[in-house]
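In the numbering used here, the protein residues as written are 101 to 342. Following: one structure in structure tokens, then a few remarks.
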Ligand SMILES: Nc1ncnc2c1ncn2[C@@H]1O[C@H](COP(=O)(O)OP(=O)(O)OP(=O)(O)O)[C@@H](O)[C@H]1O
Ligand SMILES: [Mg+2]
């Protein structure tokens with residue numbers, strides 16, 4: 101089943117004069133592990149935000165989990181995990197790391213509801229999976245960049261989404277954490293959840309078939325499945341300047 105169906109989409113930012121994504125089509129099925137590469141400014145983050153209904157799709161069709169993204173972006177966002185590229189918590193942000201993980205459950209709980217047993221269980225499981233038990237009672241803004249990144253991944257794991265989008269999730273992480281989170285993502289995709297990850301790194305990949313998508317100037321210039329050890333060669337070849 102196609103969980104993501106983008107057909108010849110064009111997207112524009114508010115106030116932006118030209119489209120950023122220009123005639124892009126992409127279908128993603130259950131359990132796929134998609135790595136998105138390409139130069140700075142190619143539109144990788146914008147592609148993730150198109151899937152998530154965060155930028156306006158001005159032309160073409162976009163369905164995610166069977167929902168029209170342009171009509172019901174809110175419903176799409178409840179089903180899609182999204183670990184954003186750049187975030188910053190002020191040291192005085194009044195939430196603990198544990199509370200930030202619980203925010204992943206808000207879409208399911210609805211407003212003015214209290215967490216139920218299953219919400220606490222999903223949060224506990226995500227905290228254990230990411231190995232951040234020691235951080236839960238600390239204010240989020242006092243954690244290191246890498247620790248905050250783990251908390252944000254845990255928040256999205258606790259959400260139990262149908263699709264996981266990650267934008268450079270490894271940028272702040274040490275070797276051990278990258279390996280650990282790669283394993284978490286491999287497990288989730290093995291259970292059927294498609295993982296779509298923007299990354300410039302070739303070494304943090306699970307030992308399985310990877311779908312390599314390369315973007316250039318708002319379009320897809322390469323899209324094929326390969327083994328994880330072939331990724332680096334493909335990226336090098338695709339980004340060679342002729
Ligand atoms: N909020 C915004 N408003 C207007 N234009 C934007 C906005 N965000 C991005 N753009 C433009 O869209 C284009 C693609 O940006 P995008 O962030 O998608 O690139 P990227 O491939 O993720 O790059 P990077 O590897 O640096 O993260 C850029 O030209 C950028 O200037
Ligand atoms: Mg980006």
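Glycine residues also receive a C-beta, built at the ideal position from the N, C-alpha and C atoms.
**Prompt:** With which residues is residue 272 paired in a DSSP beta bridge?
**Reply:** Within the chain shown, residue 272 is the residue found at index 172, counting from 1. Paired residue(s): none; residue 272 is not in a bridge.
**Request:** Identify the continuous alpha helix (DSSP H) that holds residue 219 and give its terminal residues.
**Result:** Stepping through the chain shown from its first residue, residue 219 is reached at position 119. 217-230 is the extent of the alpha helix (DSSP H) around residue 219.
**Message:** Less than 8 Å between the beta carbons of residue 112 and residue 145, yes or no?
**Reply:** Taking the first residue of the chain shown as position 1, residue 112 is located at position 12. Taking the first residue of the chain shown as position 1, residue 145 is located at position 45. No; because the gap between Cβ atoms is not below 8 Å, this pair is not in contact.
**Prompt:** Is residue 145 near ligand 2, in the sense that its beta carbon is under 7 Å from a heavy atom of that ligand?
**Reply:** Counted from its first residue, the chain shown places residue 145 at position 45. It does: the Cβ of residue 145 is within 7 Å (strictly closer) of some heavy atom of ligand 2.
**Own chain, CB closer than 6 Å to residue 182, minus 5 neighbours either side, in chain order** = The sequence position of residue 182 within the chain shown is 82, counting from 1. Here the set comprises 152 and 265.
**Asked** What do you reckon, is the C-beta of residue 185 under 7 Å from a heavy atom of ligand 2?
**Response** What you label residue 185 is simply residue 85 of the chain shown in a count that begins at 1. Result yes, Cβ under 7 Å from ligand 2.
**Request:** Have a look at 331, 314 and 300 and flag the residue whose alpha-carbon is nearest the alpha-carbon of residue 185.
**Result:** Start at 1 with the first residue of the chain shown, and residue 185 comes out as number 85. Checking every option, the nearest Cα to that of residue 185 belongs to 300.
**Item:** Euclidean distance between Cα positions of residue 284 and residue 293
**Value:** As a position in the chain shown, residue 284 is number 184, starting the count at 1. As a position in the chain shown, residue 293 is number 193, starting the count at 1. Approximately 12 Å, taken between the alpha carbons.
**Prompt:** Where residue 305 and residue 275 are concerned, what is the direct C-alpha to C-alpha distance, given to the nearest angstrom?
**Reply:** Here residue 305 refers to the residue found at position 205 when the chain shown is read from its first residue. Here residue 275 refers to the residue found at position 175 when the chain shown is read from its first residue. The alpha-carbon atoms of residue 305 and residue 275 are separated by roughly 12 Å.
**Request:** Using only the heavy atoms of ligand 2, determine whether one of them is closer than 7 Å to the beta carbon of residue 134.
**Result:** In the chain shown, counting from the first residue as 1, residue 134 sits at position 34. It does not: the Cβ of residue 134 is nowhere closer than 7 Å to a heavy atom of ligand 2.
**Cβ neighbours of residue 189 in the same chain (closer than 7 Å, five flanking residues each side left out)** = On the chain shown, position 89 is the one that residue 189 refers to. Only 240, 241 and 248 meet the Cβ criterion.
**Asked** Going by alpha carbons, who is nearest to residue 154 out of 234, 195, 170 and 232?
**Response** Here the question's residue 154 lines up with position 54 in the chain shown. Taking only the C-alpha atoms, the option nearest residue 154 is 170.
**Prompt:** Hey, out of 117, 103, 225 and 124, whose CA is closest to residue 110's CA?
**Reply:** As a working mapping, residue 110 is identified with position 10 in the chain shown. Among 117, 103, 225 and 124, the Cα nearest to that of residue 110 belongs to 124.
**Asked** For residue 180, is the beta carbon positioned less than 7 Å from some heavy atom of ligand 2?
**Response** Numbered from its first residue, the chain shown carries residue 180 at position 80. No, the Cβ of residue 180 stays beyond 7 Å of every heavy atom of ligand 2.
**Item:** beta strand (DSSP E) segments (min. 3 residues) lying fully within the region 138-213
**Value:** 156-164 and 180-183
**Asked** What is the DSSP secondary structure of residue 308, reduced to helix, strand or coil?
**Response** If you number the chain shown from 1, residue 308 lands on position 208. Correct three-state label for residue 308: coil.
**Prompt:** First and last residue of the beta strand (DSSP E) that includes residue 112?
**Reply:** Your numbering for residue 112 matches position 12 in the chain shown. 102-112 is the extent of the beta strand (DSSP E) around residue 112.
**Residues near residue 332 in its chain [Cβ-Cβ closer than 6 Å; skip 5 each side]** = What you label residue 332 is simply residue 232 of the chain shown in a count that begins at 1. Contacts found: 302.
**Prompt:** In whole angstroms, what is the alpha-carbon distance linking residue 244 and residue 176?
**Reply:** On the chain shown, position 144 is the one that residue 244 refers to. On the chain shown, position 76 is the one that residue 176 refers to. Approximately 31 Å between the Cα atoms of the pair.
**Asked** Quick one: what's got a C-beta closer than 8 Å to residue 345's C-beta in the same chain, skipping five residues either side?
**Response** The structure shown has nothing for residue 345, since the chain only spans 101 to 342.
**Request:** Tell me whether the beta-carbon of residue 289 lies closer than 8 Å to the beta-carbon of residue 166.
**Result:** Numbered from 1 along the chain shown, position 189 holds the residue referred to as residue 289. Numbered from 1 along the chain shown, position 66 holds the residue referred to as residue 166. Against a cut-off of 8 Å, the Cβ pair of residue 166 and residue 289 comes out as no contact.
**Item:** DSSP bridge partner residues for residue 325 (one or two, in chain order)
**Value:** For the purposes of this step, residue 325 is taken as residue 225 along the chain shown, with counting starting at 1. Its beta-bridge partners are 311.
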